[in-house]
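Student: Here's a structure for you.
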Amino acid sequence: MSRNNKLTQRIFRAFIVGVLIISPTLLVAQNRSLPILEVNPDARSMAMGNVSLMSTNRNYLYVNPSSIFYNGERYSASVNGTIFPKNDDVSGRLLYGNASAAWRFADRHAAFIGYRYLGGEKIASVADQFGTPGNEIKPLDWSFDIGYSFKINNELSAFATGSFIQSKPADKSANAVSFGVGANYRTNVKLGGMQSQLNIAARVLDIGAPIEYNSNNKYDLPTSAQASADITMPLSDINKLNIAVGSRYFFLPTDASLFTVGAGAEYTYNSLVSARMGYHYGENESSRMTLGVGLNIQFISVDAAYSIANDTDFNMIHVGLTARF
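What follows is the structure, encoded as structure tokens:
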């Protein structure tokens with residue numbers, strides 16, 4: 082193997098290890114690539130136990146594309162970000178961000194577009210066998226994403242998503258294409274005399290060919306299956322409670338499978354302010370408690386979440402902003 086290939090492998094491993102060190106939710110990803118596909122993309126759902134598939138009125142592409150059919154707006158735009166803890170082994174700080182837009186048209190159709198970014202760290206490299214400092218390496222992943230959702234009837238809908246992903250762990254980049262499919266069922270139920278909305282959803286994410294950095298470095302995409310259920314209950318004219326449960330299973334690569342489950346609740350007062358709490362259980366010490374708040378002012382929503390790991394050095398901050406028209 083050439084020295085360049087060895088250096089590329091070393092830098093790639095350093096990038097993955099850096100992500101693993103500061104994010105317990107990815108602790109089992111030693112044999113998985115593209116951590117950008119595993120980060121929760123939404124501050125609200127993160128606050129509710131990291132249940133990243135649920136009924137929503139924000140960030141449709143990355144949470145639940147079918148939810149747009151049950152809200153009044155035709156257009157929506159969201160931005161979200163995650164601030165990871167500082168990793169003392171590298172300079173800079175790992176940051177995650179996404180932006181997405183949604184358009185509902187002809188009543189039964191909706192289209193989505195989005196972009197994700199994961200990067201910000203700087204890793205020192207060496208230029209030769211004598212340890213001469215080389216150029217600073219700035220690993221990053223990004224993806225361009227699209228989606229489409231179709232309303233079959235008032236209760237059932239289906240959606241599909243696609244992504245073009247670029248990963249650049251060192252001076253050379255690799256590309257991958259993935260897609261996902263899902264379905265959503267929503268119905269009204271009566272609980273204790275209250276008319277509530279029950280939502281059940283399932284999807285398969287990140288199906289695609291392995292990403293190949295070079296002939297010796299080929300990695301399966303972190304393909305996963307998700308299922309969730311949530312119920313929204315109006316406690317009174319101005320009080321509302323939403324409870325959600327969900328699970329996710331990463332079945333590729335086969336030697337790095339992972340099962341997670343989460344549950345959370347959201348209390349909303351007068352459609353203005355929300356308080357959220359949840360718990361996310363994951364194998365290999367990736368469990369965490371989650372807290373969050375939300376503020377709705379006319380067509381603007383602001384969300385913030387804080388996830389608390391078993392080791393407080395791994396706590397993370399999540400923020401989001403959505404506009405609806």
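Quick note: the sequence shown uses this note's numbering, first residue 82, plus one each step.
The C-beta atom is built at its ideal place from N, Cα and C for all residues, glycine as well.
Owing to the predicted nature of the structure, the values given are computational and were not obtained by experimental measurement.
(1) What's the C-alpha gap between Lys253 and Asn396?
(2) Give me the Cα-Cα distance between Ala385 and Gly212, rounded to the nearest whole angstrom.
(3) Per DSSP, Val171 is paired with what?
(4) Count the other CB atoms, across all protein chains shown, that sit within 10 Å of the CB of Lys249; report buried if there are 16 or more and exposed otherwise.
(5) Within its chain, find whatever has a CB closer than 6 angstroms to the CB of Asn152; leave out the 5 residues flanking it on each side and keep chain order.
(6) Does the beta-carbon distance from Ala257 to Gly289 come in below 7 angstroms?
(7) I need the DSSP call for Phe245, collapsed to helix, strand or coil.
(8) Count the CB pairs spanning the segment 373-380 and the segment 348-362 that are closer than 8 angstroms, and state whether there are at least three.
(9) Give the range of the beta strand (DSSP E) segment to which Arg197 is assigned.
(10) Under the rule that 16 or more other beta-carbon atoms within 10 Å means buried, what is Leu107, buried or exposed?
(11) With a threshold of 16 other CB atoms inside 10 Å of the CB of Arg329, please say whether the residue is buried or exposed.
(12) Could you spell out the range, first to last residue, of the beta strand (DSSP E) harbouring Ser355?
(13) Helix, strand or coil, according to DSSP, for Ile102 in the structure here?
(14) If you reduce the DSSP assignment to three classes, tell me which class Phe340 lands in.
(15) Measuring straight from C-alpha to C-alpha, what distance separates Thr313 and Ile204?
(16) Determine the direct distance from the alpha carbon of Asn280 to that of Leu333, and round the result to whole angstroms.
(17) Any idea what DSSP makes of Pro315, helix, strand or coil?
(18) Taking the continuous beta strand (DSSP E) assigned at Val270, which residues delimit it?
(19) Among residues of its own chain, excluding the 5 on either side of His361, which ones have a beta-carbon nearer than 7 angstroms to its beta-carbon?
(20) Identify the continuous beta strand (DSSP E) that holds Val374 and give its terminal residues.
(21) Pick out whichever of Ile233, Asp226, Glu236, Asn234 has its Cα sitting closest to the Cα of Phe245.
(22) Please report how far the alpha carbon of Phe380 lies from the alpha carbon of Gln247, in whole angstroms.
(23) Which residues mark the beginning and the end of the beta strand (DSSP E) in which Tyr156 is found?
(24) Can you grab the Cα-Cα spacing for the pair Asp336 / Asp169, in whole Å?
(25) Answer with buried or exposed for Met135, where buried requires no fewer than 16 other C-beta atoms within 10 angstroms of its C-beta.
(26) Determine the direct distance from the alpha carbon of Ala158 to that of Asn179, and round the result to whole angstroms.
(27) Hey, would you say Asn269 sits closer than 7 angstroms to Ser238, going by beta carbons?
(28) Is it buried or exposed for Pro407, if we count other Cβ within 10 angstroms and need 16 for buried?
(29) May I ask which residues mark the beginning and end of the beta strand (DSSP E) holding Ser388?
(30) Roughly how many angstroms separate the alpha carbons of Ile149 and Arg185, rounded to a whole number?
(31) Straight-line CA distance for Leu142 to Ala208?
(32) Answer with buried or exposed for Lys232, where buried requires no fewer than 16 other C-beta atoms within 10 angstroms of its C-beta.
(33) With 16 as the cutoff for other CB atoms within 10 Å, does Phe331 come out buried or exposed?
(34) Does the distance from the C-beta atom of Ile319 to that of Asn351 stay below 7 angstroms?
Tutor: The structure says:
(1) 31 angstroms
(2) 44 angstroms
(3) Val171 is not bridged to any residue.
(4) buried
(5) Asn138
(6) yes
(7) strand
(8) yes
(9) 190-203
(10) Interpretation of Leu107 is limited by its pLDDT of 42, a score under 50 that renders its predicted location unreliable; no figure is taken from the coordinates.
(11) buried
(12) 354-363
(13) Reliability fails at Ile102, whose pLDDT of 36 lies under 50, so the model's placement of it is uncertain and no value is given.
(14) strand
(15) 46 angstroms
(16) 27 angstroms
(17) strand
(18) 255-272
(19) Gly130, Asn131, Thr341, Gly343, Ser368, Arg369, Thr371
(20) 369-378
(21) Asp226
(22) 34 angstroms
(23) 156-164
(24) 29 angstroms
(25) buried
(26) 11 angstroms
(27) no
(28) Nothing about residue 407 can be read from this structure; the chain reaches only from 82 to 406.
(29) 381-390
(30) 7 angstroms
(31) 42 angstroms
(32) buried
(33) buried
(34) yes
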